[in-house]
Ligand code: BG6
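In the numbering used here, the protein residues as written are 33 to 499.
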């Protein structure tokens, strides 16, 4: 195990910062959507904007070697004309400086879903103009922070973001529109390639990657029908991000199928050239669960995700008409309260598959599990369930490293309790509890102290087992 392995934890700007209308920040699409629909929002989130020094100190005391966080576009760029907000820029200099002062390597995500509303008003990610504006935003980030930050990622989970916003409709802009899903996906992947190109042109002294919501695909049986469904599911879940970003070529069988039904003429030859020539240096994989697949049977497409929790079994349902169905009720599986399967083997297998196929360095940029926890009523949450979950997943990574994969870092999701998109604040992931009702008091959980030992021993205290 390399001494340089980056042990850390992760957050995202909208989910932890709060201060939604402070420091010259303008609204993101999440502010507008959640306020308009009267939903739980991130106005104050975990108050990280005001507590970042305390939070970074706790990371250091918790043995962290790295902190993965994102830059908020609406905090940095004020308007469509690209006017920079100096206060926003200063905030991220402060975070980065604080990390460096504490010996913590900043691992920066340029976009973790908080698109400025002024771009959403223009049609958001379905517009080429927004793709170009993103590259301009990235340029500001490189110029401002490029001397200090060595690890960059363009996007957090483009697949999850686009599908949730444009296909499932449970995230803003709340659509169920296949042509727009394809458009938004394409422009994000083009923006990724253009940003990699810019990064290289500017000669930034560092590495650039992309973060993907990785769901290794498994089949319910070995039949040919299931294998065909698995290939389609793999394109849907993984290949169109990973192949495009790493090999420079989207899965051609998928494009050919889509091309028969939808107008893809906005995808230009020169775009594909840029995609081909500008591939990432590394890949960030966020792993929560595998995707268990069975062949499509009948009926219309269904995209339903359990944002309610409380073991609302049967709430999650994904059927892609003519392609595949996703299984959420395998009798041999264990699920958390939000229908998320607990399956550490999938992380080992997923890493091995990705490494064999792509042969580039991998960082596990998110991994964790959620619980309902009473933080207000206790001094510290005794979250043995989380410790067990993290141990089994880190074990899977150590095994993958032993089996030859180049995994260079691991980030627990999340550093502290934070806003969990449509699930609100009840769904807690943090190593550090946040008492949202009492001045955002920080209360490290048992997992925080356990993870400190993991970081400090470079993984030696992990209880090992074979799959
Ligand atoms: C990832 C995201 O999809 O999963 C995070 O990058 C997110 O932003 C995390 O919070 C957990 O998902 P959720 O929906 O439970 O908050």
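Note that beta-carbon positions come from the ideal geometry of N, C-alpha and C, so glycine has one too.
How about residue 219 and residue 151: are their beta carbons less than 8 angstroms apart?
Taking the first residue of the chain shown as position 1, residue 219 is located at position 187. Taking the first residue of the chain shown as position 1, residue 151 is located at position 119. No, Cβ-Cβ distance for residue 219 and residue 151 is not below 8 angstroms.
Mind checking whether residue 102 and residue 448 have CB atoms under 8 angstroms apart?
Here the question's residue 102 lines up with position 70 in the chain shown. Here the question's residue 448 lines up with position 416 in the chain shown. The beta carbons of residue 102 and residue 448 sit no closer together than 8 angstroms.
For residue 175, which three-state DSSP category applies?
By 1-based counting over the chain shown, the position of residue 175 is 143. Residue 175: helix per DSSP, three-state reduction.
Counting C-beta neighbours from all protein chains within 10 Å, is the total for residue 262 16 or more, i.e. buried, or is it exposed?
Position 230 of the chain shown, counted from the first residue, corresponds to residue 262. The Cβ neighbour count for residue 262, taken over all protein chains shown within 10 Å, is at least 16; the residue is labelled buried.
Would you check if the distance between the CB atom of residue 325 and the CB atom of residue 351 is smaller than 8 angstroms?
Indexing the chain shown from 1 puts residue 325 at position 293. Indexing the chain shown from 1 puts residue 351 at position 319. Result no, Cβ atoms of residue 325 and residue 351 do not sit closer than 8 angstroms.
Euclidean distance between Cα positions of residue 244 and residue 257:
For the purposes of this step, residue 244 is taken as the residue at position 212 of the chain shown. For the purposes of this step, residue 257 is taken as the residue at position 225 of the chain shown. A straight-line Cα-Cα distance of about 27 angstroms links residue 244 and residue 257.
Verify whether the separation of the beta carbon atoms of residue 241 and residue 167 is less than 8 angstroms.
In the chain shown, residue 241 corresponds to position 209, counting from 1. In the chain shown, residue 167 corresponds to position 135, counting from 1. No.
Restricting to Cα atoms, I'd like to know which of 354, 323, 221, 254 is closest to residue 307.
Here residue 307 corresponds to residue number 275 of the chain shown, with the count starting at 1. Cα-wise, what sits closest to residue 307 is 221.
Check residue 372 in the structure and name its three-state DSSP category.
Along the chain shown, one-based indexing puts residue 372 at 340. The answer is coil: DSSP assigns residue 372 none of H, G, I, E or B.
Taking the straight line between their C-alpha atoms, what separation do you get for residue 99 and residue 46?
Within the chain shown, residue 99 is the residue found at index 67, counting from 1. Within the chain shown, residue 46 is the residue found at index 14, counting from 1. About 16 angstroms.
Report the option in 317, 347, 473 whose CA atom is closest to the CA atom of residue 383.
In the chain shown, the residue the question calls residue 383 occupies position 351. Per the Cα distances, 317.
CB of residue 295 within 8 angstroms of CB of residue 283, strictly:
Taking the first residue of the chain shown as position 1, residue 295 is located at position 263. Taking the first residue of the chain shown as position 1, residue 283 is located at position 251. For the pair residue 295 and residue 283, the CB atoms are not nearer than the 8 angstroms cut-off.
Check the C-beta distance from residue 477 over to residue 415 and give it rounded, since I have them as a contact under 8 angstroms.
Walking along the chain shown from the start, residue 477 turns up at place 445. Walking along the chain shown from the start, residue 415 turns up at place 383. So it is a contact: roughly 5 angstroms between Cβ atoms.
Heavy atom of the ligand BG6 within 7 angstroms of residue 192 beta-carbon
On the chain shown, position 160 is the one that residue 192 refers to. For residue 192, the distance from the CB to the nearest heavy atom of the ligand BG6 is below 7 angstroms.
Taking 7 angstroms as the cut-off, is the beta-carbon of residue 455 closer than that to any non-hydrogen atom of the ligand BG6?
Indexing the chain shown from 1 puts residue 455 at position 423. Correct: residue 455 has its Cβ closer than 7 angstroms to the ligand BG6.
Cβ-heavy atom distance between residue 398 and the ligand BG6 below 7 angstroms?
Taking the first residue of the chain shown as position 1, residue 398 is located at position 366. Within 7 angstroms of the C-beta of residue 398 there is at least one heavy atom belonging to the ligand BG6.
Between the Cα of residue 380 and those of 437, 217, 485, 36, spot the shortest distance and give me the residue it belongs to.
Sequence index remark: in the chain shown, residue 380 carries index 348 (1-based). Per the Cα distances, 437.
Delimiting residues of the beta strand (DSSP E) encompassing residue 185
Within the chain shown, residue 185 is the residue found at index 153, counting from 1. It spans 183-188 - the beta strand (DSSP E) in which residue 185 sits, taken as one unbroken run.
So, helix, strand or coil for residue 363, using DSSP?
Position 331 of the chain shown holds residue 363. The answer is coil: DSSP assigns residue 363 none of H, G, I, E or B.
Residue 152 (DSSP reduced to helix, strand or coil)
Along the chain shown, read from residue 1 onward, the residue named residue 152 stands at position 120. Looking at residue 152 - three-state DSSP - the assignment turns out to be helix.
What's the C-alpha gap between residue 165 and residue 421?
Translated into the one-based positions of the chain shown, residue 165 becomes position 133. Translated into the one-based positions of the chain shown, residue 421 becomes position 389. Using only the alpha carbons, I get a separation of about 40 angstroms.
Count the other CB atoms, across all protein chains shown, that sit within 10 Å of the CB of residue 444; report buried if there are 16 or more and exposed otherwise.
Stepping through the chain shown from its first residue, residue 444 is reached at position 412. Around the beta carbon of residue 444, a 10 Å sphere encloses 16 or more other beta carbons of the protein chains shown; the residue is thus reported as buried.
Short of 6 angstroms in beta carbon distance, which residues of its chain neighbour residue 180, apart from the five on each side in sequence? Order them along the chain.
Counted from its first residue, the chain shown places residue 180 at position 148. Exclusion of the five residues before and after residue 180 leaves 128 as the residues of its chain whose Cβ lies within less than 6 angstroms of its Cβ.
Enumerate in chain order the residues of its own chain whose CB-to-CB distance from residue 281 is below 7 angstroms, with the five nearest sequence positions on each side excluded.
Start at 1 with the first residue of the chain shown, and residue 281 comes out as number 249. Its chain contains 275, 308 as the residues whose beta carbon lies nearer than 7 angstroms to that of residue 281, once the 5 sequence neighbours on both sides are disregarded; these appear in chain order.
Here's the rule I'm using: 16 or more other beta-carbon atoms within 10 Å means buried, otherwise exposed. How should residue 125 be labelled?
Within the chain shown, residue 125 is the residue found at index 93, counting from 1. Its Cβ having fewer than 16 others within 10 Å, residue 125 is exposed.
Please determine whether the Cβ atom of residue 445 lies at a distance below 7 angstroms from any heavy atom of the ligand BG6.
Counting from 1 along the chain shown, the entry for residue 445 is found at position 413. Indeed, a heavy atom of the ligand BG6 lies less than 7 angstroms from the Cβ.
Length of the line joining the Cα atoms of residue 88 and residue 43
Taking the first residue of the chain shown as position 1, residue 88 is located at position 56. Taking the first residue of the chain shown as position 1, residue 43 is located at position 11. Approximately 12 angstroms between the Cα atoms of the pair.
Using a Cβ-based criterion (distance less than 7 angstroms to any ligand heavy atom), does residue 342 qualify as near the ligand BG6?
As a first step, residue 342 is located in the chain shown; it is residue number 310 there, counting from the start. False, no ligand heavy atom lies under 7 angstroms from that Cβ.
Report the residue ranges of all beta strand (DSSP E) runs contained in full by the segment 378-405; include only those spanning at least 3 residues, in chain order.
DSSP runs (the beta strand (DSSP E)) wholly in the segment 378-405: 394-399.
At least 3 beta-carbon pairs within less than 8 angstroms: the segment 416-435 vs the segment 481-497:
Counting Cβ pairs under 8 angstroms, three or more are found: they touch.
Sub-8 angstroms separation of residue 92 and residue 136 beta-carbons:
To locate residue 92, count along the chain shown from 1; it is residue 60. To locate residue 136, count along the chain shown from 1; it is residue 104. Yes; because the gap between Cβ atoms is below 8 angstroms, this pair is in contact.
Which residue wins for smallest C-alpha separation from residue 122, given the options 359, 195, 388, 177?
The count along the chain shown starts at 1 and reaches residue 122 at position 90. Checking every option, the nearest Cα to that of residue 122 belongs to 177.
Specify the secondary structure class of residue 267 as computed by DSSP and reduced to three states.
Here residue 267 refers to the residue found at position 235 when the chain shown is read from its first residue. If DSSP states are grouped into helix, strand and coil, residue 267 belongs with the helices.
Decide if residue 33 is buried, meaning its Cβ has at least 16 other Cβ atoms within 10 Å, or exposed.
Counting from 1 along the chain shown, the entry for residue 33 is found at position 1. Result: exposed.
Using a Cβ-based criterion (distance less than 7 angstroms to any ligand heavy atom), does residue 189 qualify as near the ligand BG6?
The residue you call residue 189 lines up with position 157 of the chain shown. Of the heavy atoms belonging to the ligand BG6, at least one sits nearer than 7 angstroms to the Cβ of residue 189.
Which residue wins for smallest C-alpha separation from residue 464, given the options 456, 194, 446?
Counted from its first residue, the chain shown places residue 464 at position 432. Ranking 456, 194, 446 by Cα distance to residue 464 puts 446 first.
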